[in-house]
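Enquirer: My questions all concern the structure below.
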Amino acid sequence: MGDRRRSGVRAGPLPAAVIALVAVLFLNGATGTFFFGHAQPDPLRKVDAIVVLGGEHDGREAYGLKLAEQGYAPTVLISDPYSARDPVMKKYCKRRTDIEVICRPPVPSTTRGEALMTRTLAEQRGWRSVIVISWRYHLPRARRIFDVCFAPPGRTVVMRDVPRSYPFSVAQWQYTYLYQYAAWVKAEVQGACNDIT
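Numbering (full-length UniProt numbering), first residue to last: 1 to 197.
And the structure:
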């Protein structure tokens with residue numbers, strides 16, 4: 001009999017790197033779905049101000065103003081990290097007679113910068129409580145940052161997600177969860193905000 005040559009892929013165990021990648025993606029998807037994808041908002045209650053975090057124009061500005069119109073707060077602070085010509089910001093940052101709207105760019109242009117901006121205004125205006133609006137999957141990280149940079153001492157934060165759907169692909173969810181975990185680690189490394197103005 002002659003030599004029989006096998007064609008195709010070699011049989012045997014998968015390389016360790018492939019197994020590790022699959023395990024990381026599975027763990028990221030499972031824990032990310034539980035921790036970020038199904039994050040629960042806080043019950044609504046009256047506060048001193050509503051803070052609309054930047055990120056995307058997905059209805060968050062309108063939602064923040066709607067809550068103010070319903071009597072949850074007399075003031076809406078809209079984070080404005082966008083360009084000066086942004087048409088959505090021009091629409092929502094107009095002066096109103098029924099509620100106060102404040103539009104400001106956070107420094108730095110991050111969730112931490114937004115928490116610091118909120119803290120500065122709270123110190124100037126005597127705010128003790130705020131509603132913070134963002135994506136549902138951003139609520140846990142935003143809560144942690146606001147707890148560290150805004151809440152102490154004696155201030156409270158009510159986290160609310162933008163009422164919308166998230167028609168993401170599996171790959172988009174994987175990226176979103178990885179980003180949230182990485183940004184959470186960054187926030188923990190940065191630590192307290194006491195020495196930052």
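Each residue gets a CB set at the ideal place from its N, CA and C atoms; glycine is no exception.
Here the structure is a predicted model, which means the values were calculated and not measured.
Got a sec, what are the start and stop residues for the alpha helix (DSSP H) ARG160 sits in?
Expert: First-last for ARG160: 156-161, but that is the beta strand (DSSP E), not the alpha helix (DSSP H).
Enquirer: Does DSSP put residue 227 in a helix, in a strand, or in coil?
Expert: Limits of the chain in this structure are 1 at one end and 197 at the other, which puts residue 227 out of reach.
Enquirer: Under the three-state reduction of DSSP, which class applies to ILE99: helix, strand or coil?
Expert: Coil.
Enquirer: Would you mind reading off the limits of the beta strand (DSSP E) that contains LEU77?
Expert: Unbroken beta strand (DSSP E) run through LEU77: 75-79.
Enquirer: Please report whether the beta-carbon of ASP58 lies at a distance below 8 Å from any beta-carbon of chain B.
Expert: Structure shown: chain B not included; a single protein chain is present.
Enquirer: So does the segment 69-79 actually touch the segment 40-51, counting three or more Cβ pairs closer than 8 Å?
Expert: Contact holds: three or more Cβ-Cβ distances are below 8 Å.
Enquirer: Alpha carbon to alpha carbon, how far is GLY54 from residue 242? Give it in angstroms, no decimals.
Expert: Residue 242 lies beyond the residue range present for the chain, which begins at 1 and ends at 197; the question has no answer from this structure.
Enquirer: Helix, strand or coil for ALA49 per DSSP?
Expert: If DSSP states are grouped into helix, strand and coil, ALA49 belongs with the strands.
Enquirer: Bridge partners of ARG104, per DSSP?
Expert: Paired residue(s): SER79.
Enquirer: Going by beta-carbon coordinates alone, are THR111 and TYR137 separated by less than 8 Å?
Expert: Not a contact, by the Cβ cut-off of 8 Å.
Enquirer: Within a Cβ cutoff of 6 Å, which residues of the same chain sit near PHE150, ignoring the five residues on either side of it in sequence?
Expert: Excluding residues within five positions, the ones whose Cβ falls inside 6 Å are ALA115, THR118, ARG119.
Enquirer: Name the one or two DSSP bridge partners that VAL130 has.
Expert: Paired residues: ALA49, VAL157.
Enquirer: Can at least three beta-carbon pairs, one atom from the segment 141-160 and one from the segment 121-132, be found at a separation below 8 Å?
Expert: At 8 Å Cβ cutoff, the stretches touch.
Enquirer: Is the beta carbon of ALA187 sitting closer than 8 Å to the one on ARG144?
Expert: Contact flag set, yes.
Enquirer: Could you check whether the segment 166-175 touches the segment 93-101, counting it as contact only if at least three pairs of C-beta atoms, one from each stretch, sit closer than 8 Å?
Expert: The answer is no - the segment 93-101 does not touch the segment 166-175, with fewer than three Cβ pairs under 8 Å.
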